[in-house]
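Under this note's numbering, the first residue of the sequence shown carries the number 12, and numbering increases by one thereafter. Cβ coordinates follow ideal geometry from the N, Cα and C atoms, glycine included. Since the structure is predicted, the reported quantities are computational estimates derived from the model, not experimental observations. Have a look at the structure below before the remarks.
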Amino acid sequence: MVKKQMVTDLNLNTKINDVFFLKNIEFRVRRDKKTIDMFFKIADKTGEIEAINWDVSTDKVEELGKIEFARVQGHITKKKSDGTLQATISSLTKTAPLDLDYSDYLPQSKENLDELMRKIFSKINSVENYHLKNLLKSFFDDQEFAEKFKRAPAATKVHQPYIGGLAEHTVNVVAICESICNIYKEI
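The following block contains the structure:
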């Protein structure tokens, strides 16, 4: 799926119709205690902008609260409170993250991704347990899986939420495990 609109391209009155990463989702009940509004940020690799989806039906709150990537439709307006730009949303449609090119939405690891994968393959080849080694090889010998693994973030919010984050995290966890095994030889 090719991304056409970036956050930095969104100006006052711009119509929005593209996939964005949703961050900091929060639902607020209005004073009438009936109406719910959804406040969040839409983001990609170029930045983020505040967004609001007015008058969310109560049966949609749980579903919308779990969305990370969505096709966003709406337009850019000015907030009445301070005049800054915000996205006023008319429609959100969940998008499967596997259908996306993460490089449109996330920054990239500072580590060399090919070098991280070489370290992972080296560790797989050093595994002595035949069954564990074959299990690991069944995944990492699949080139399509290995390429997706190399580019995947470790998470979407907290630790290593960038391209290559999962490979970086895996190499770090293996190093931690090896350190523990050097201290506790019986493991």
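Report yes if the C-beta distance between residue i and residue j is below 8 Å; otherwise report no.
i, j, result
"A81", "V30", "yes"
"T5", "D66", "Here the chain has residues from 12 to 198 only, and residue 5 is not among them."
"Q171", "P164", "yes"
"K4", "A178", "In the structure displayed, the chain extends from 12 to 198; residue 4 sits before or after that span and is not available."
"I78", "L33", "yes"
"K89", "L23", "yes"
"L103", "L75", "yes"
"I100", "N64", "yes"
"L111", "M12", "yes"
Around the C-beta of residue i, are 16 or more other C-beta atoms found within 10 angstroms, so that it is buried, or is it exposed?
i, result
"N140", "exposed"
"D55", "buried"
"F150", "exposed"
"Y195", "exposed"
"V83", "buried"
Residue i: which of the options sits nearest, CA to CA?
i, options, result
"A157", "H142, A54, I131 and S137", "I131"
"G58", "V72, A107 and D115", "D115"
"G85", "R42, A62 and Q119", "A62"
"V72", "L23, E37, K121 and D110", "E37"
"Y173", "S137, L124 and C188", "L124"
"V185", "K168, S92, F51 and S137", "S137"
"L127", "D152, N183 and D112", "N183"
"L96", "T69, I53 and D112", "I53"
"R39", "S68, T181 and R129", "S68"
"A98", "R129, D112, D70 and N28", "N28"
Quick one: measure Cβ to Cβ for residue i and residue j, integer angstroms, because I've assumed they're closer than 8 Å.
i, j, result
"G175", "S120", "3 Å"
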